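Read the structure below first, then the notes.
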Amino acid sequence: MKFLEDLFTINSVSGDELTVSQFILNTIFQRCNHWKVTPNVFFGENFQDCILLKFGKPRTAVFAHMDTIGFMTRYDNQLITVGGPELVGGTYLVGQDSLGPIRCRLIVDEDMICHDFPRTIDRGTYLSFEQNLRIDDEFIQGAYLDNRLGVYNALEICEDLEDGWIVFTTYEEHGGGSMPFLLDFIMNESPVNQALVSDITWVTDGVVHGGGVAISIRDKFIPRRAYINKVLSLAKQSGIDYQLEVEDAGGSDGREIQFSRYPIDWCFIGAPEDNVHSPNEKVALFDLGCMVAMYRYLMAHL
Amino acid sequence: MKFLEDLFTINSVSGDELTVSQFILNTIFQRCNHWKVTPNVFFGENFQDCILLKFGKPRTAVFAHMDTIGFMTRYDNQLITVGGPELVGGTYLVGQDSLGPIRCRLIVDEDMICHDFPRTIDRGTYLSFEQNLRIDDEFIQGAYLDNRLGVYNALEICEDLEDGWIVFTTYEEHGGGSMPFLLDFIMNESPVNQALVSDITWVTDGVVHGGGVAISIRDKFIPRRAYINKVLSLAKQSGIDYQLEVEDAGGSDGREIQFSRYPIDWCFIGAPEDNVHSPNEKVALFDLGCMVAMYRYLMAHL
Amino acid sequence: MKFLEDLFTINSVSGDELTVSQFILNTIFQRCNHWKVTPNVFFGENFQDCILLKFGKPRTAVFAHMDTIGFMTRYDNQLITVGGPELVGGTYLVGQDSLGPIRCRLIVDEDMICHDFPRTIDRGTYLSFEQNLRIDDEFIQGAYLDNRLGVYNALEICEDLEDGWIVFTTYEEHGGGSMPFLLDFIMNESPVNQALVSDITWVTDGVVHGGGVAISIRDKFIPRRAYINKVLSLAKQSGIDYQLEVEDAGGSDGREIQFSRYPIDWCFIGAPEDNVHSPNEKVALFDLGCMVAMYRYLMAHL
Chain X
1 MKFLEDLFTI NSVSGDELTV SQFILNTIFQ RCNHWKVTPN VFFGENFQDC
51 ILLKFGKPRT AVFAHMDTIG FMTRYDNQLI TVGGPELVGG TYLVGQDSLG
101 PIRCRLIVDE DMICHDFPRT IDRGTYLSFE QNLRIDDEFI QGAYLDNRLG
151 VYNALEICED LEDGWIVFTT YEEHGGGSMP FLLDFIMNES PVNQALVSDI
201 TWVTDGVVHG GGVAISIRDK FIPRRAYINK VLSLAKQSGI DYQLEVEDAG
251 GSDGREIQFS RYPIDWCFIG APEDNVHSPN EKVALFDLGC MVAMYRYLMA
301 HL
Chain B
1 MKFLEDLFTI NSVSGDELTV SQFILNTIFQ RCNHWKVTPN VFFGENFQDC
51 ILLKFGKPRT AVFAHMDTIG FMTRYDNQLI TVGGPELVGG TYLVGQDSLG
101 PIRCRLIVDE DMICHDFPRT IDRGTYLSFE QNLRIDDEFI QGAYLDNRLG
151 VYNALEICED LEDGWIVFTT YEEHGGGSMP FLLDFIMNES PVNQALVSDI
201 TWVTDGVVHG GGVAISIRDK FIPRRAYINK VLSLAKQSGI DYQLEVEDAG
251 GSDGREIQFS RYPIDWCFIG APEDNVHSPN EKVALFDLGC MVAMYRYLMA
301 HL
Chain V
1 MKFLEDLFTI NSVSGDELTV SQFILNTIFQ RCNHWKVTPN VFFGENFQDC
51 ILLKFGKPRT AVFAHMDTIG FMTRYDNQLI TVGGPELVGG TYLVGQDSLG
101 PIRCRLIVDE DMICHDFPRT IDRGTYLSFE QNLRIDDEFI QGAYLDNRLG
151 VYNALEICED LEDGWIVFTT YEEHGGGSMP FLLDFIMNES PVNQALVSDI
201 TWVTDGVVHG GGVAISIRDK FIPRRAYINK VLSLAKQSGI DYQLEVEDAG
251 GSDGREIQFS RYPIDWCFIG APEDNVHSPN EKVALFDLGC MVAMYRYLMA
301 HL
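Chains as they are written, first to last, in our numbering: chain X, 1 to 302; chain B, 1 to 302; chain V, 1 to 302.
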């Protein structure tokens with residue numbers, strides 16, 4: 001619980017993932033002695049702020065992005081977006097510049113967004129939704145469930161993982177950019193041709209809270225059907241609740257696998273959330289549980 | 001004729017190219033003993049559903065995509081598109097799900113497309129235009145001329161090809177994704193710096209039925225002029241009828257060559273069609289003949 | 001001065017950079033004996049029309065694109081754009097086709113652009129803004145400052161450069177395409193993990209003529225903050241005038257570094273211009289001086 005609160009409170013808007021990366025790295029070093037298999041850990045200057053864990057002899061790689069959507073100060077009191085945050089006037093934003101900590105409100109005009117902080121904020125300062133994490137018996141709600149829950153899932157399945165890559169990526173919310181060099185490293189070090197994207201998706205008219213983890217047949221991009229069929233066949237065997245997603249919009253780290261220079265199949269699997277990219281993202285704990293269980297099953301059987 | 005009918009009847013919407021790939025592979029194995037040069041054939045797990053043929057010592061690679069545009073079922077009776085099919089209400093669509101074969105009609109509403117099949121279709125099921133191939137003395141007409149004719153051309157020129165790569169690709173209609181790993185393989189196995197894209201283009205106010213094969217100076221993307229000039233100079237020498245295309249929209253496998261990590265020049269050369277991405281695509285047989293003749297000439301002289 | 005006039009008069013619309021590339025190559029061979037360090041020069045068929053200079057043991061690479069925006073003839077008297085030129089009716093355009101030199105005016109209709117040349121121009125002929133270079137005590141003004149000034153900067157800093165890559169790229173104005181193979185070559189020959197993009201940016205409400213060189217914290221894409229902080233800390237130390245840019249639109253060769261398969265950090269640094277992509281682009285000489293000085297400082301200290 002303390003861990004979740006800490007993880008959810010760190011700001012890490014795309015391009016500024018250093019702090020959350022160090023927090024995840026510390027968590028890995030604290031936990032890895034209790035894991036069934038001790039992984040090789042790759043991080044540092046050659047990986048920008050990304051982290052890779054190699055367990056045993058990987059057949060499949062899991063990717064979880066560490067960054068979140070947010071804002072950046074422009075000139076005067078103007079803001080521009082990073083990724084696609086919901087724009088609701090009055091929302092509290094927090095950050096830090098050379099003069100100290102910042103807490104202000106979002107002002108949404110017709111063709112511009114601004115903040116109401118009484119002084120000028122340094123140009124190019126990152127601002128994030130203020131966190132207000134709420135967990136009850138049924139739901140977890142707050143900012144940045146996308147993709148702190150994907151990161152949480154990736155860390156949970158390390159416990160008994162025998163073979164596989166677990167990779168923490170950057171930039172996903174703003175077009176990507178770390179996946180190509182991460183894939184290169186993986187394919188040189190211990191190649192795979194299967195990937196799972198540990199990320200959070202949307203509640204829609206076909207995907208509901210409490211229906212189990214969503215397995216995505218497609219979003220804006222289309223993974224190869226032969227692989228999806230293999231994943232679905234295992235999902236059926238697993239007995240774990242899941243629901244099928246079919247969308248024509250949205251993207252993930254899977255996009256960069258699709259367009260990479262490697263014939264790696266990919267599939268997005270994640271719990272669905274309501275109030276996407278707002279401070280009130282909401283995920284059913286049951287679906288989150290199914291997500292972790294499904295990843296454990298697939299990583300063992302794929 | 002039987003071959004053409006079979007080739008045009010196989011459904012292979014982007015992401016689901018396995019069946020057409022196996023059909024093309026069988027054709028290759030049946031025919032290759034009669035070819036002037038027996039190629040090396042590369043296919044299988046490391047190539048997803050793609051196929052590469054290496055003849056002699058390649059200087060140029062030809063790319064023909066095997067996939068087509070189509071539809072996928074979403075929730076209830078909703079459809080979403082794969083690639084950019086023409087949306088004409090009443091058009092017949094066919095497919096197959098866990099309960100059996102499907103034949104239904106496309107319903108086009110203002111902000112949604114649906115089908116009229118009397119039962120629910122499995123989520124994520126691919127549907128394609130029903131084929132109605134018509135060939136007379138002047139024209140070939142039906143669904144999927146784009147890019148079954150490009151595939152046909154690629155297979156025809158194998159007959160007397162001495163040196164070159166012939167490559168059958170996937171995903172072209174939906175953003176691509178196989179080209180990067182195919183180019184990597186080619187550049188490791190037997191590198192080239194010249195490419196031709198065997199695909200079908202549009203009849204426009206500058207490109208007409210019966211004018212010969214279209215050589216594209218540009219579409220949305222712009223190939224390097226030095227290479228286009230070389231191709232045009234040979235086209236002139238060949239005596240084969242061709243027409244120059246200059247567009248600012250549209251893309252092909254050439255896009256992925258342009259943005260690849262290799263300095264490979266590319267040029268799109270293909271017969272023009274009317275009624276693009278509809279069940280009534282129409283190509284003049286004369287232009288198709290010029291296409292095959294031009295590829296033979298260029299592959300020998302480039 | 002003669003050199004600047006020559007450099008600014010060469011047409012090199014994206015895809016057609018051969019002539020300007022040869023001019024830059026000649027300049028390099030004329031000047032390089034006077035440079036502090038003699039670089040290795042890489043060019044020719046394997047590099048399309050690009051040029052790379054390797055000085056000493058590079059830690060940082062500078063990229064300057066050689067191409068410009070422009071036009072191409074389509075059918076009849078229609079034009080289509082290359083990159084995003086300003087469309088002002090009556091602007092003079094120049095070019096050359098098989099029948100000789102061309103000088104005509106741009107006609108801007110509601111949904112089409114044309115030229116008024118009295119005869120048909122060959123399909124696919126490149127046209128460029130007619131150059132009218134004006135230099136006074138304060139400003140340089142004309143067509144193609146973007147990116148002839150970036151090229152000028154790159155050549156100037158060669159004088160006393162000890163370690164670094166200087167790279168002249170193609171296609172930047174029309175989506176790119178040479179960066180991936182250039183980065184591959186660099187990373188094989190003498191790898192770096194830092195890059196600077198020598199290009200021209202926009203005068204906006206936060207970036208003004210005479211304020212010094214602009215250092216961009218972001219455009220449409222977002223470089224990694226840890227690197228930007230390093231660059232800004234050195235910029236402060238340098239004592240050279242600079243201004244911070246924060247935009248949510250626009251792109252550069254930096255985009256292709258971001259999405260490349262290498263963990264290379266990048267930062268766009270360039271003088272701001274008014275009347276972007278018009279024949280009257282305008283840059284303050286003071287800002288240009290700051291640009292050259294800042295690159296010298298950063299290349300020595302990064």
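Beta carbons: idealized from backbone N, C-alpha and C, even for Gly.
Please read all numbers here as calculations on a predicted model, not as lab measurements.
The region 100-149 of chain X contains, as complete beta strand (DSSP E) runs of 3+ residues, the segments 100-108, 113-115, 126-129 and 139-142 (chain order).
Scanning its chain for C-beta atoms nearer than 6 Å, with the 5 sequence neighbours on each side dropped, one finds around residue 247 of chain X the residues 219, in chain order. For the region 203-222 of chain X, the beta-carbon criterion of a distance under 7 Å to any beta-carbon of chain B is satisfied by 205, 206, 217, 218, 221 and 222.
Taking a 10 Å sphere around the C-beta of residue 99 of chain X, we find fewer than 16 other C-beta atoms and assign the residue as exposed.
Inclusion of residue 73 of chain B and residue 10 of chain B in the CB contact set at 8 Å is not warranted, their separation being larger than that value. Each of X:25, X:14 and X:15 was checked against the Cα of residue 7 of chain X, and the nearest Cα belongs to X:25. Taking a beta-carbon distance threshold of 8 Å, residue 262 of chain B counts as an interface residue toward chain V. DSSP, reduced to helix, strand and coil, places residue 157 of chain V outside both helices and strands of the structure shown, so it counts as coil. Within a 10 Å sphere around the beta-carbon of residue 233 of chain V sit fewer than 16 other beta-carbons, which makes this residue exposed.
The continuous beta strand (DSSP E) containing residue 270 of chain V extends over residues 265-270. Collapsing the DSSP output to three states places residue 225 of chain V in a helix. The three-state reading of DSSP puts residue 192 of chain V in coil, since its state is none of H, G, I, E or B. Here the alpha carbons of residue 162 of chain X and residue 55 of chain X stand approximately 6 Å from one another. Here the C-alpha atom of residue 65 of chain X lies approximately 15 Å from the C-alpha atom of residue 267 of chain X.
Its Cα nearest to that of residue 123 of chain B, the residue B:95 stands out among B:95, B:109 and B:140. With respect to residue 169 of chain B, residue 253 of chain B sits close: the two C-beta atoms are nearer than 8 Å. Between residue 214 of chain X and residue 272 of chain X the beta-carbon gap is near 5 Å, inside 8 Å, which marks them as a contact.
A distance below 6 Å between beta-carbons, with the five flanking residues on each side excluded, links residue 275 of chain B to the following residues of its chain, in chain order: 281 and 282.
Residue contact with chain B for residue 75 of chain V: present (Cβ-Cβ distance below 8 Å to some residue of chain B). The DSSP-derived three-state label of residue 46 of chain X is helix.
In this structure residue 5 of chain V is exposed. Its beta-carbon is surrounded by fewer than 16 other beta-carbon atoms within 10 angstroms.
At a cut-off of 8 Å, the C-beta of residue 119 of chain B has no neighbouring C-beta in chain X. Residues of chain B with a Cβ closer than 7 Å to the Cβ of residue 258 of chain X are, in chain order, 177.
The alpha carbon of residue 126 of chain X has as its nearest neighbour, out of X:71, X:173, X:1 and X:300, the alpha carbon of X:71. Scanning V:288, V:181 and V:236 for the CA closest to the CA of residue 256 of chain B turns up V:181. In the three-state scheme derived from DSSP, where H, G and I count as helix and E and B as strand, residue 230 of chain B is classed as helix. Scanning its chain for C-beta atoms nearer than 7 Å, with the 5 sequence neighbours on each side dropped, one finds around residue 178 of chain X the residues 48, 50, 169, 170 and 171, in chain order. A straight line joining the alpha-carbon of residue 115 of chain V with that of residue 225 of chain B spans about 22 Å. Going by C-alpha positions, residue 35 of chain V is about 24 Å away from residue 19 of chain V. With its beta carbon less than 8 Å from one in chain X, residue 123 of chain B belongs to the interface. Residues of chain X whose Cβ lies closer than 7 Å to the Cβ of residue 224 of chain V are, in chain order, 15 and 48. Per the C-alpha coordinates, the member of B:137, B:294 and B:249 positioned closest to residue 239 of chain B is B:294. DSSP places residue 254 of chain B within a helical segment (H, G or I) once states are collapsed to three. Here DSSP, grouped into helix, strand and coil, assigns residue 242 of chain B to strand. For residue 244 of chain V, the neighbours in chain X by C-beta distance under 7 Å run, in chain order, 123 and 124. Among the residues facing chain B, residue 3 of chain V is not included, as its CB has no counterpart in that chain under 8 Å away.
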